[in-house]
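Engineer: Got a structure for you, written out below as structure tokens; questions coming shortly.
In UniProt numbering, the protein residues as written are 1 to 45.
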């Protein structure tokens with residue numbers, strides 16, 4: 001179910017928005033939040 005949600009989200013949101021959102025998040029210095037996001041990405045990738 002999660003995979004179908006992720007796929008449908010990719011069709012709904014323009015790729016440019018997703019890229020800008022990822023870039024915005026990457027440029028922030030949030031310490032523990034940044035580490036959490038990276039750890040979750042590594043776990044699910």
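We put the CB at the ideal spot given by N, CA and C, even for glycine.
When you compare the CB positions of residue 18 and residue 10, do they come within less than 9 Å of one another, or not?
Structural biologist: Along the chain shown, read from residue 1 onward, the residue named residue 18 stands at position 18. Along the chain shown, read from residue 1 onward, the residue named residue 10 stands at position 10. Closer than 9 Å, so yes.
Engineer: Tell me the residue span of the alpha helix (DSSP H) that contains residue 43.
Structural biologist: On the chain shown, residue 43 is found 43 positions in, with the first residue counted as 1. Residue 43 -> alpha helix (DSSP H) spans 32-44.
Engineer: Suppose contacts are defined by Cβ-Cβ distances below 9 Å. Is residue 34 in contact with residue 43 by that definition?
Structural biologist: Stepping through the chain shown from its first residue, residue 34 is reached at position 34. Stepping through the chain shown from its first residue, residue 43 is reached at position 43. Against a cut-off of 9 Å, the Cβ pair of residue 43 and residue 34 comes out as no contact.
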